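Just remember that our numbering sits 8 ahead of the position in the sequence shown, which is counted from 1. In this text, a Cβ means the ideal position worked out from N, Cα and C, and glycines have one as well. Bear in mind that the values here come from a model prediction, so they are computed numbers and not experimental data. Notes follow the structure.
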Amino acid sequence: IGQYAHGNEPSHHIPYLYNAVGRPDKARATVLRIMETLYSSEPDGLCGNDDCGQMSAWYVLSALDRYPVCPGLVPVSDGSPGAESAAATLPASGSPPSSGVNVAAADSAPERIVTNPWFEMDSDIFTDSLRVAIGGEGEISWRVVGEGDFRPYEGPFTLTENCTLEAFSRRGGRQSFVTRCTVHKAFNDRDVELHSKYSGQYSAGGPTGLIDGRRGGVNWRTGGWQGYQDCDFEAVVDLRSVRPVKSISAGFLQDARSWIWMPKEVEFAVSKDGENYRTVATLSSGVAETDMTIQTWECSAAVRESGRYVKVTARNFGTIPQWHPGAGYPAFIFIDEITIL
Numbered sequence: 009i010g011q012y013a014h015g016n017e018p019s020h021h022i023p024y025l026y027n028a029v030g031r032p033d034k035a036r037a038t039v040l041r042i043m044e045t046l047y048s049s050e051p052d053g054l055c056g057n058d059d060c061g062q063m064s065a066w067y068v069l070s071a072l073d074r075y076p077v078c079p080g081l082v083p084v085s086d087g088s089p090g091a092e093s094a095a096a097t098l099p100a101s102g103s104p105p106s107s108g109v110n111v112a113a114a115d116s117a118p119e120r121i122v123t124n125p126w127f128e129m130d131s132d133i134f135t136d137s138l139r140v141a142i143g144g145e146g147e148i149s150w151r152v153v154g155e156g157d158f159r160p161y162e163g164p165f166t167l168t169e170n171c172t173l174e175a176f177s178r179r180g181g182r183q184s185f186v187t188r189c190t191v192h193k194a195f196n197d198r199d200v201e202l203h204s205k206y207s208g209q210y211s212a213g214g215p216t217g218l219i220d221g222r223r224g225g226v227n228w229r230t231g232g233w234q235g236y237q238d239c240d241f242e243a244v245v246d247l248r249s250v251r252p253v254k255s256i257s258a259g260f261l262q263d264a265r266s267w268i269w270m271p272k273e274v275e276f277a278v279s280k281d282g283e284n285y286r287t288v289a290t291l292s293s294g295v296a297e298t299d300m301t302i303q304t305w306e307c308s309a310a311v312r313e314s315g316r317y318v319k320v321t322a323r324n325f326g327t328i329p330q331w332h333p334g335a336g337y338p339a340f341i342f343i344d345e346i347t348i349l
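Dropping the structure here:
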């Protein structure tokens, strides 16, 4: 079905995403098409391996019109059961027996869904101010978290500080889930120049991702970290004028299973002219190379300096050792957020 391969189990939720954009009719049509064309009672009746029963489970739950797109949340009916009747045996739990499993009639209308609202903005990072609009259906309510209750959305608004926004839609007595978005005001008084080349897979949005004031979390797969493989890291932050420097810090991450190690050594240096640097701190994390815990390290130093340029150098872990499954390959350095105060 186009680029959709039902034999690839991680794609099994895709047809149901039509519900999330307010088109349950398309969800119904696609699910029925899959059930009717990609399953049969023949020897090759499954279009892919029934890994742990997933291919069969998809059919059964879809036939019941109860497929859980998000485990733990009540499935949304699109009105397309594949059976005239069904009975489900539930495990004993000590609770009174239920009256059964509700299955929509085959000719019933799709369950009405109120889609989540969305925030419209140029970026979730800004330097001066940020204009925000909210799109969606029905009556939209929104708020700035920590600044009171939800209020009706009346039109675009402007933000000038870090904050977290929330919004939901209501229509016909039904309410959507709450949409949440955090925006961040970045520093606008400095520039950064990279002397090393980051991996294209791990860019953190480019060079300015290192000085935007937003820190990457422990889950590095969300894209908040810059990754450097088979090289040391070096960058210079230009403060645009000579000023007092009281502290310098940089964040690093280790996930040894994924070939990411803490740097062997981190060096901070300060210069007034961009040519002559004085090393003000040399630090190491103390994290063992065999430590498989995913963790971050805020490498920081209190200094008493005056300068315009701050150089940060991190020495790569090097070649992955023999005890590791990736033995012989070059390791990564992951860095995010160079902070200078």
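Where residue i falls: helix, strand or coil (DSSP)
i: Pro215; result: helix
i: Tyr351; result: The chain is shown only over 9 to 349; residue 351 falls outside these bounds and no answer can be derived.
i: Gly61; result: helix
i: Pro76; result: coil
i: Glu17; result: helix
i: Glu44; result: helix
i: Trp233; result: coil
i: Ala37; result: helix
i: Ala310; result: strand
i: Pro333; result: coil
Residue-chain proximity (residue i, chain B), Cβ-Cβ < 8 Å
i: Cys239; result: Protein chains in the displayed structure number just one, and chain B is not present.
Neighbourhood of residue i by C-beta distance below 6 Å, restricted to the same chain and skipping five residues each side
i: Pro125; result: Ile142, Gly144, Ile148, Ala175, Ser177 and Thr187
i: Ser279; result: Tyr285, Gly315 and Tyr317
i: Leu247; result: Arg198 and Arg316
i: Tyr236; result: Ser204, Tyr206 and Ile341
i: Gly108; result: For Gly108, the pLDDT reaches just 49, beneath the cut-off of 50, and the residue's location in the model is therefore unreliable, although a value from the coordinates is still provided. Nothing meets the Cβ criterion.
i: Gly30; result: Thr123
i: Leu202; result: Pro215 and Ala243
i: Tyr26; result: Lys34 and Ala35
i: Pro76; result: Pro83
i: Ser292; result: Glu273
According to DSSP, residues forming a beta bridge with residue i
i: Gly315; result: Arg251
i: Leu81; result: DSSP lists no partner for Leu81.
i: Arg286; result: Val278
i: Phe325; result: DSSP, once it has assigned bridges, lists no residue as partnering Phe325.
i: Val244; result: Glu201 and Lys319
i: Gly259; result: Glu306 and Asp344
i: Glu128; result: Ala141
i: Glu92; result: In DSSP, Glu92 forms no bridge with anything.
i: Leu69; result: None; Leu69 has no bridge partner.
i: Glu6; result: Here the chain covers residues 9 to 349 and nothing more, so residue 6 does not appear.
i: Pro338; result: Thr327
i: Ile268; result: Asp263 and Phe340
i: Leu291; result: Val274
i: Ile9; result: Looking at the DSSP assignment, Ile9 forms no beta bridge with any residue, so it has no partner.
i: Leu54; result: Tyr47
i: Ile133; result: His192
Own chain partners of residue i with C-beta closer than 7 Å, once the 5 adjacent residues on each side are dropped
i: His146; result: The question names His, but residue 146 is Gly in the sequence shown. Excluding positions up to five away in sequence, the list reads Val122, Ser177, Arg178 and Arg179.
i: Gly294; result: none
Other residues of its chain near residue i: CB distance less than 8 Å, five sequence neighbours each side excluded
i: Asp157; result: Arg151
i: Ile328; result: Trp267, Gly334, Ala335, Gly336, Tyr337, Pro338 and Ala339
i: Phe7; result: Residue 7 is absent from the model: the chain starts at 9 and stops at 349.
i: Arg159; result: Ser149, Trp150 and Arg151
Selection from the options that minimises the alpha carbon distance to residue i
i: Val244; options: Trp228, Ala339, Asp281 and Ser211; result: Asp281
i: Leu218; options: Leu202, Thr190, Ile346 and His332; result: Ile346
i: Asp220; options: Gln234, Leu291, Val226 and Ala94; result: Gln234
i: Gly163; options: Thr97, Asp136, Asn170 and Glu128; result: Glu128
i: Asp132; options: Val153, Thr190, Ala91 and Gln183; result: Thr190
i: Ile42; options: Leu349, Val274 and His20; result: His20
i: Pro252; options: Glu313, Gln303, Phe260 and Thr298; result: Glu313
i: Gly225; options: Asp136, Ile343 and Gly208; result: Ile343
i: Arg222; options: Cys171, Pro32, Ala289 and Gly30; result: Cys171
i: Tyr161; options: Gln262, Thr38 and Val140; result: Val140
i: Ala28; options: Ser184, Glu155 and Leu202; result: Ser184
i: Thr321; options: Phe260, Gly15, Leu81 and Gln330; result: Phe260
i: Arg265; options: Ser64, Tyr67, Arg31 and Ile302; result: Ile302
i: Glu306; options: Gln262, Trp331 and Glu297; result: Gln262
i: Ala310; options: Pro215, Arg36, Ala277 and Asn324; result: Ala277
i: Trp269; options: Pro215, Arg159 and Asp238; result: Asp238
i: Ala91; options: Tyr67, Ala258, Thr38 and Leu291; result: Tyr67
i: Leu46; options: Ala35, Met63 and Thr298; result: Met63
i: Ser93; options: Cys78, Gly208, Ala71 and Val77; result: Ala71
i: Val288; options: Lys272, Thr304, Ser257 and Glu297; result: Ser257
i: Phe241; options: Leu349, Glu275 and Gly231; result: Glu275
i: Asn324; options: Ser308, Met300 and Pro271; result: Pro271
i: Asp73; options: Cys60, Gly10, Ser308 and Ala95; result: Ala95
- Length-filtered (3 minimum) beta strand (DSSP E) runs lying within the stretch 139 to 203: Runs of the beta strand (DSSP E) inside the stretch 139 to 203: 147 to 152, 165 to 167, 171 to 179, 187 to 193 and 199 to 202.
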